[in-house]
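A.B. asks:
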Amino acid sequence: MLLSTFPIRTLGTARHLPPTLSRQVLAGLAGLAPKAVIVIRPRTCFSTNATDAFGAKDQQSASGQSRSKSIAIGSLTAATAVSALVYFLKSRTSTEPTTLSNVPLSSLSAQDQYIHSTLTQHAQIHAHPALKAQIHSTYVASNNPIEDRLAITAMPKGKQLLVSVFDGHAGWQCAHVLKQWYANYVARIVEMRKYLLGEAMGVALDEFDADLMGLPNEAKNMETLGMEIDQVREILLPAMAGSVVVSAMIDETSIHVANAGDSRAVIGRRTSSSPGWTAVPLTIDHNAENPAEVARLKREHPGEEDTVITDQGRVIRGLNVFRSAGDGRFKWAKDVREWVCGKFVGSEYKYSRDIPWSLSPPYITAKSEVVRHVLEDGDEFLVMATDGLWEHATNDQVVASIGAYLDRNNKSHRDAERAGPDDAKWALQDRNAAAHTIRNAIGGQDSDKVAHLFKIPHPESRDHRDDISVVVVFLGKALDKLPGVQGAVQTVPVADPNKGKMKVSMEKGLYV
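Going by the working numbering, the sequence shown opens with residue 87, and the numbers climb by one from there.
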């Protein structure tokens, strides 16, 4: 066995490291070279006044010898050992961004750097100081452009946080106007003081959708006044496209959730029993896998029981969700549909064809299901995501992965060495919990699989994954367990109740 030695020195000095840091250095080296045999022993190191690996000159004694403590490392060459020590020391003092395990991003493989970039290029962290909540979010596109939108907004009064996830389809336009204005609708209705908090969220979505469905009348008026066809189409597109909606109003004691579609909101609750985390769903998908929804739709369309839902679970051969905002082609009467679809003849919008078998509209509703969840001691986070995430992972798996993210940051090195098989299956690399959630849902530690899915170009990517958007809201005790933030923490913007009503004009088009 090759035995190599070198002096332990701090950068640019000839001082010896203190014993505590020496042990930490050894621990770091052990992590980098687990098969090495490491011993500490006094040793005489000879020098001829040459510059050492740290750029510091050896200070010789009168006999020409410099005495220092040394590390003898089996199976490492001297050069490799010195490089490992420099790497370890720099990792303790560098401001370079690192992974959750404090590995500098620049030291990752090209593939891992690509995965990290894809997961985090849209990642954000928001803080709501009054509520004491930290919100992690990100998204990964499959459509081009992406059709999902996220909105994180504070109510103008009180300690209330509104988090909304909008999963668009047939275009991005409906989800986009929801992101811009839905929170303002909620704020305006909350200030009326006519409704309970959860009811106000549902009323806001109903009113928002009614305004969308009224856009053809507004567009007709603008056309009469001489508005150009391209502007008319821009007004109509948010109503032609559609969006699933899940929105959560969070205060100090409870969470109200309004849901229309198949995005989800799930509480992560810490338990004293194995496996340590429980998923508490706050939503139910509104699709063909929901027997109550199937029964409702058939009941509302007598005489069409055998055709209203296809064998593939689609409503009149179209949508695979039963509730959403927008989607005017599934809601308007025939004369309105024909007028609107006629305005898109010759355009590039590909969802403009009429649906002749729409016999008794509306088939789709924006009516949301609202629940109130009273927070318990073990409720440490809320995860909300579009169905692109849930196609790859169950509620339990998602909650378990975020639980591992929290627990990893509170384990000592010794605890990590004793980690069980459940701990080992998660990839613990991402500081942003939303990015961590997406990585673990689609491949986890299998970097080849994750990179492959990300690299499939649009439109082929739609055969393998949907747009994926995730928000994780950490509450209460979880805030003390989060890793340090690298980068900016954004303050949650405040909703404006004075801009809580959709309008159309010749000058501005569609605005609030």
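We put the CB at the ideal spot given by N, CA and C, even for glycine.
With DSSP as the reference, label residue 290 as helix, strand or coil.
C.D. replies: Helix.
A.B. asks: Could you tell me the distance, in whole angstroms, from the CA atom of residue 407 to the CA atom of residue 400?
C.D. replies: 7 Å
A.B. asks: Can you say whether residue 127 is buried or exposed, counting buried as having 16 or more other CB atoms within 10 angstroms of its CB?
C.D. replies: Summary for residue 127: the model assigns pLDDT 37, below 50, so the residue's position carries little reliability, and this model does not support an answer.
A.B. asks: How is the beta strand (DSSP E) around residue 465 delimited, first residue to last?
C.D. replies: 465-471
A.B. asks: Within the 8 Å Cβ cut-off, does residue 243 reach chain D?
C.D. replies: In the displayed structure, chain D is absent; only one protein chain is listed.
A.B. asks: Using CA atoms only, rank isn't needed, just tell me which of 236, 270, 213 is closest to residue 588.
C.D. replies: 270
A.B. asks: Between the alpha carbons of residue 499 and residue 460, how many angstroms are there, rounded?
C.D. replies: Confidence at residue 499 is low in this model, with a pLDDT of 35, below 50, so the placement of that residue should be treated as unreliable; the coordinate-derived value is given next. C-alpha separation (whole angstroms): 36 Å.
A.B. asks: Output needed for residue 580: all residues of its chain with C-beta closer than 8 Å, excluding positions within five of it in sequence on either side, in chain order.
C.D. replies: 239, 240, 241, 242
A.B. asks: Which class does residue 450 belong to by DSSP, given the choice of helix, strand or coil?
C.D. replies: coil
A.B. asks: Going by beta-carbon coordinates alone, are residue 576 and residue 212 separated by less than 8 Å?
C.D. replies: yes
A.B. asks: Under 7 Å Cβ to Cβ from residue 348, same chain only, skipping five residues before and after it: list those, please.
C.D. replies: 330, 371, 372, 373, 407, 473
A.B. asks: According to DSSP, simplified to helix, strand and coil, what is residue 581?
C.D. replies: coil
A.B. asks: Contact between the stretch 281-292 and the stretch 539-555 is defined here as three or more beta-carbon pairs at a separation below 8 Å; is this criterion met?
C.D. replies: no
A.B. asks: Does DSSP classify residue 423 as helix, strand or coil?
C.D. replies: helix
A.B. asks: Residues in its own chain within less than 6 Å of residue 597 by CB, not counting five upstream and five downstream?
C.D. replies: 589
A.B. asks: With contact counted as at least three CB pairs below 8 Å, one residue from each stretch, are the stretch 217-236 and the stretch 402-420 in contact?
C.D. replies: no
A.B. asks: Measuring CA to CA, which of 462, 201, 385 is closest to residue 357?
C.D. replies: 462
A.B. asks: Would a C-beta distance cut-off of 8 Å place residue 512 and residue 547 closer than the cut-off?
C.D. replies: no
A.B. asks: State the DSSP-derived secondary structure class of residue 437, mapped to helix, strand or coil.
C.D. replies: coil
A.B. asks: Can you list, in chain order, the residues of its chain whose CB lies under 6 Å from that of residue 364, leaving out five sequence neighbours each side?
C.D. replies: 355, 357
A.B. asks: Give the DSSP-derived three-state secondary structure of residue 596 in the structure shown.
C.D. replies: strand
A.B. asks: Between which residues of its own chain and residue 515 is the CB-CB distance below 6 Å, once the five residues before and five after are set aside?
C.D. replies: 185, 186
A.B. asks: Please list the terminal residues of the continuous alpha helix (DSSP H) segment that includes residue 335.
C.D. replies: No alpha helix (DSSP H) contains residue 335, which is instead part of the beta strand (DSSP E) from 328-336.
A.B. asks: Can you name the start and end residues of the beta strand (DSSP E) that residue 236 belongs to?
C.D. replies: 234-240
A.B. asks: Rounded to whole angstroms, what is the Cα-Cα separation between residue 522 and residue 237?
C.D. replies: 20 Å
A.B. asks: Please work out which residues of its chain come closer than 8 Å, Cβ to Cβ, to residue 394, disregarding the five sequence neighbours upstream and downstream, and give them in chain order.
C.D. replies: Once the five neighbours on either side are set aside, the close Cβ partners of residue 394 are 383, 384, 387, 401, 402, 449.
A.B. asks: DSSP three-state label for residue 220, please.
C.D. replies: Looking at residue 220 - three-state DSSP - the assignment turns out to be strand.
A.B. asks: To the nearest angstrom, how far is the alpha carbon of residue 311 from that of residue 517?
C.D. replies: Taking the straight line from one Cα to the other gives about 53 Å.
A.B. asks: Go to residue 381, then tell me how far its alpha helix (DSSP H) extends in each direction, as first and last residue.
C.D. replies: 377-386
A.B. asks: What are the boundary residues of the beta strand (DSSP E) that includes residue 459?
C.D. replies: 455-460
A.B. asks: Just mark residue 466 as buried or exposed, buried being the case when its beta carbon has 16 or more other beta carbons within 10 Å.
C.D. replies: buried
A.B. asks: When the distance is taken between beta carbons, is residue 567 closer than 8 Å to residue 492?
C.D. replies: yes
A.B. asks: Return helix, strand or coil for residue 591, following the three-state DSSP convention.
C.D. replies: strand
A.B. asks: Taking a contact to mean a Cβ-Cβ separation below 8 Å, would you say residue 191 touches residue 199 in this structure?
C.D. replies: yes
A.B. asks: To the nearest angstrom, how far is it from the Cα of residue 471 to the Cα of residue 309?
C.D. replies: 39 Å
A.B. asks: Measure the alpha-carbon distance for residue 215 versus residue 574 and round it to whole angstroms.
C.D. replies: 15 Å
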